[in-house]
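**Q**
Residue numbers (my numbering): 833 to 982.
And the structure:
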């Protein structure tokens, strides 16, 4: 179980439209990857705010990208708590757990989450977003964190 629920608070309020710039960060991340254009078989994860990509990590293993991201954050002094992770890989319960340990309350991916990660995201009060595309996204957990402008 997640120990510190308070660590999973955002540093800012997210309205649903604020996720659209996060989608842009995904495409920005893809454009700046070094290994993907060469191999076409590498995953990437980025630590973001709605406005900018702070760190990017690449690896053949999607889980490893989160380990590398956390390591980069520690080495550079970038605080991951309260940020957003955007990743290319499927969000498994293990990946969700890594994000939670980093204190990241929102994780988004271009692909589907596992059913276990959806259940855990709900239990841990995390926001889990998948199928991010230029045209939109699907929220699987933590929709209460997203507010409408209406």
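In this text, a Cβ means the ideal position worked out from N, Cα and C, and glycines have one as well.
1) Three or more C-beta pairs closer than 8 Å, one from the region 899-912 and one from the region 930-943: is that the case here?
2) For my contact list, residue 952 and residue 925 are in at a C-beta cut-off of 8 Å; report their separation, rounded to the angstrom.
3) Between 939, 899, 877, which has its C-alpha nearest residue 956's C-alpha?
4) Cutting at 6 Å between CB atoms, please list the residues of its own chain near residue 931, excluding the five before and the five after it.
5) Indicate the three-state DSSP secondary structure (helix, strand or coil) for residue 941 in the structure shown.
6) Scan the region 896-963 and note each continuous alpha helix (DSSP H) run of 4 residues or more that stays entirely inside, going in chain order.
7) In chain order, what residues of the same chain have a beta carbon less than 7 Å from the beta carbon of residue 973, not counting five sequence neighbours either side?
**A** Taking the geometry as given:
1) yes
2) 5 Å
3) 939
4) 917, 939
5) strand
6) 925-934, 947-955
7) 950, 953, 954, 958, 959, 960
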